[in-house]
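Engineer:
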Amino acid sequence: MITSATILTAHARIRPYIHRTPVMTSAGMDQLAGGSLFFKCENFQKVGAFKARGAMNAVLQLTPEQRAAGVATHSSGNHAQAIARSAKLLGIRAYIVMPRTAPAVKKRGVEGFGGEIFECEPTLEARESMLRDVIARTGATEIHPFNNYDVMAGQATAALELYQEITDLDIVIAPVGGGGLLSGTSMATRYFSPRTAVLAAEPAGADDAYRSMLSGQPEVSQANSIADGLLTSLGDKTFPIVRENVQQIITVTDEEIVQAMRQVWEKMKIIIEPSSAVPVAAVLKAGDVFRGKRTGIILSGGNVDLERALQLFQAGR
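Counting in the UniProt record's numbering, the sequence shown runs from 1 upward without gaps.
1) Ala-49 and Ser-300 look like a contact to me (Cβ under 8 Å); what is the Cβ gap, rounded to whole Å?
2) Cα-Cα, which of Gly-184, Pro-175, His-79 and Ala-140 is closest to Ser-4?
3) Kindly indicate which three-state DSSP category Thr-238 falls into: helix, strand or coil?
4) Following the continuous alpha helix (DSSP H) through Glu-65, name the residue where it begins and the one where it ends.
5) In chain order, what are the residue ranges of uninterrupted beta strand (DSSP E) at least 3 long that sit wholly in the region 253-314?
6) With Ile-257 and Pro-274 assumed to form a contact (beta carbons below 8 Å), what rounded beta-carbon distance in angstroms separates them?
7) List the residues that DSSP assigns as beta-bridge partners of His-74.
8) Using only the alpha-carbon positions, how far apart do Val-23 and Leu-37 sit?
9) Alpha carbon to alpha carbon, how far is Gln-61 from Leu-160? Give it in angstroms, no decimals.
10) I need the DSSP call for Thr-185, collapsed to helix, strand or coil.
11) Between the Cα of Met-187 and the Cα atoms of Val-246, Ile-135, Ala-227 and Gln-217, which residue gives the shortest distance?
12) Let me know the beta strand (DSSP E) ranges lying completely inside the region 125-178, each 3 residues or longer, listed in chain order.
13) Tell me whether Asp-208 is buried or exposed, calling it buried when 16 or more other Cβ atoms sit within 10 Å of its Cβ.
14) Going by C-alpha to C-alpha distance, which of Gly-115, His-11 and Leu-214 sits closest to Ser-75?
15) To the nearest angstrom, how far is the alpha carbon of Glu-119 from that of Ile-96?
16) Does the region 233-243 come within contact of the region 131-148, defined as at least 3 CB pairs closer than 8 Å?
17) To the nearest angstrom, how far is the alpha carbon of Pro-218 from that of Asn-78?
18) I need the DSSP call for Glu-219, collapsed to helix, strand or coil.
19) Using the Cβ count rule (16 or more neighbours within 10 Å means buried), how would you classify Thr-63?
20) Which stretch, first to last residue, makes up the alpha helix (DSSP H) that contains Val-59?
21) Looking at Ala-55 and Gln-45, is the spacing between their C-beta atoms short of 8 Å?
22) How far does the alpha helix (DSSP H) with Ile-226 in it reach, from first residue to last?
23) By how many angstroms is the C-alpha of Ala-136 removed from the C-alpha of Gln-259?
24) Answer with buried or exposed for Thr-123, where buried requires no fewer than 16 other C-beta atoms within 10 angstroms of its C-beta.
25) May I have the straight-line CA-CA distance separating Phe-192 from Tyr-163, to the nearest angstrom?
26) Thr-141 and Ala-69: beta carbons closer than 8 Å?
27) Is it right to say Glu-307 is buried, meaning 16 or more other beta carbons lie within 10 angstroms of its own, or is it exposed?
28) Tell me, which residues are paired with Ser-36 by DSSP?
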């Protein structure tokens, strides 16, 4: 369902609406990892996350009739902001179901783009139930955060840009929650950098992708991690792509996530959110895998609750 042409067309379609984010390096981070690291900085993307890519690609392909009824989704924050922004750019309504525990900074972002928020309990069942109600009332078109091929094709453009700029990568690693970014990254790698191994990183408290790879079937996330963007389970569209194209999934604890976030903040002087720090934590944890290698890391976003982050740092998490 996702071809090289699909990804290239998506990139051309969304280019006027997104940033071409920089690829950064850090001698200090290289020293910690024992290899060469190349950070694709989607924390500098529109809405502060890679989600701007997939949302824009999907919304731009709606029919006039669908645009008239608006769009709807459920999201803990980054996809929510991305859909709200995309809808605003096209002058259509956006209905966003968000867990009540979603970071305030992400709720403010949705409201700032004119999205209408419907709060629910922080479970996948609650999200999906409320979204069904919203769609029944509004007639809006659902744009799923990850289980959507147009969304995945849009997310793939981040890795496409990485490979256009940095050649001969041994490894690329991305965080995994629902699998939209990871699926897109793996497909872009297949077409544009086939010698590069695709790895993923996941919170130990929400390790459904890791367990799914072992069992051969989609498992349910425990949803217990500070990485709020990675608490959902793989979908029926993302799981087959991940299973076929990802070589390894590395899990990391919340403590390791916070330490990785601190290292990036201190050594690179850029802000990333906990979900974005997960692949960094994996690189620092699994030294033997990355030592001496050229590794691309997708920094997925920078929408961090600063007060919460400072509390975590002070607690030594």
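Note that CB positions come from ideal geometry on N, CA and C, so glycine has one too.
Structural biologist: Per the coordinate set shown:
1) Taking the sequence shown and counting its residues from 1, one reaches residue 49 at position 49. Taking the sequence shown and counting its residues from 1, one reaches residue 300 at position 300. Going by Cβ atoms, the distance from Ala-49 to Ser-300 rounds to 6 Å, so yes, they are a contact pair.
2) Within the sequence shown, the letter at position 4 stands for residue 4. The option with the nearest alpha carbon to Ser-4 is Gly-184.
3) Position 238 of the sequence shown holds residue 238. The DSSP-derived three-state label of Thr-238 is helix.
4) Here residue 65 corresponds to residue number 65 of the sequence shown, with the count starting at 1. That run of the alpha helix (DSSP H) goes 64-69.
5) Segments of the beta strand (DSSP E) lying fully in the region 253-314: 294-299.
6) For this step, residue 257 is matched to residue 257 along the sequence shown. For this step, residue 274 is matched to residue 274 along the sequence shown. The Cβ separation is near 5 Å, so the contact holds.
7) Locating residue 74 in the sequence shown gives position 74, counting from the first residue. For His-74, which the question treats as bridged, DSSP gives the partners Val-97.
8) Within the sequence shown, the letter at position 23 stands for residue 23. Within the sequence shown, the letter at position 37 stands for residue 37. Distance from the CA atom of Val-23 to the CA atom of Leu-37, rounded to whole angstroms, is 10 Å.
9) Position 160 of the sequence shown, counting from 1, holds the residue named residue 160. Position 61 of the sequence shown, counting from 1, holds the residue named residue 61. For Leu-160 and Gln-61, the distance between alpha carbons rounds to 20 Å.
10) Numbered from its first residue, the sequence shown carries residue 185 at position 185. Three-state result, Thr-185: helix.
11) Position 187 of the sequence shown, counted from the start, is the residue given in the question as residue 187. Minimum Cα-Cα distance from Met-187 among the listed residues Val-246, Ile-135, Ala-227 and Gln-217 corresponds to Val-246.
12) Correct list: 171-175.
13) Translated into positions along the sequence shown, residue 208 becomes position 208. Asp-208 is classed as buried because its beta carbon has at least 16 other beta carbons within 10 Å across all chains shown.
14) Numbered from 1 along the sequence shown, position 75 holds the residue referred to as residue 75. With distances taken between CA atoms, Ser-75 lies nearest to Gly-115 out of Gly-115, His-11 and Leu-214.
15) As a first step, residue 119 is located in the sequence shown; it is residue number 119 there, counting from the start. As a first step, residue 96 is located in the sequence shown; it is residue number 96 there, counting from the start. So the alpha carbons of these two residues sit roughly 8 Å apart.
16) As far as the Cβ criterion goes, the region 233-243 touches the region 131-148, which means the pair count is three or higher.
17) Walking along the sequence shown from the start, residue 218 turns up at place 218. Walking along the sequence shown from the start, residue 78 turns up at place 78. The C-alpha of Pro-218 lies about 23 Å from the C-alpha of Asn-78.
18) By 1-based counting over the sequence shown, the position of residue 219 is 219. Glu-219 falls in the coil class under three-state DSSP.
19) The sequence position of residue 63 within the sequence shown is 63, counting from 1. Exposed, since its Cβ has fewer than 16 Cβ neighbours within 10 Å.
20) As a position in the sequence shown, residue 59 is number 59, starting the count at 1. Its alpha helix (DSSP H) spans residues 51-59.
21) As a position in the sequence shown, residue 45 is number 45, starting the count at 1. As a position in the sequence shown, residue 55 is number 55, starting the count at 1. For Gln-45 and Ala-55, no; Cβs fall outside 8 Å.
22) Taking the sequence shown and counting its residues from 1, the one referred to as residue 226 is at position 226. Taken as a continuous stretch (DSSP letters only), Ile-226 belongs to no alpha helix (DSSP H), as it is neither H nor E.
23) Locating residue 259 in the sequence shown gives position 259, counting from the first residue. Locating residue 136 in the sequence shown gives position 136, counting from the first residue. Rounded to the nearest angstrom, the gap between the Cα atoms of Gln-259 and Ala-136 is 44 Å.
24) On the sequence shown, residue 123 is found 123 positions in, with the first residue counted as 1. Exposed.
25) For the purposes of this step, residue 192 is taken as the residue at position 192 of the sequence shown. For the purposes of this step, residue 163 is taken as the residue at position 163 of the sequence shown. Rounded to whole angstroms, the separation of the alpha carbons of Tyr-163 and Phe-192 is 7 Å.
26) One-based indexing of the sequence shown puts residue 141 at position 141. One-based indexing of the sequence shown puts residue 69 at position 69. Yes, the pair counts as a contact, with Cβ atoms nearer than the cut-off.
27) Sequence index remark: in the sequence shown, residue 307 carries index 307 (1-based). Glu-307 is exposed by the Cβ-count criterion.
28) Position 36 of the sequence shown, counted from the start, is the residue given in the question as residue 36. The partner list for Ser-36 (beta bridge, DSSP) reads Arg-294.
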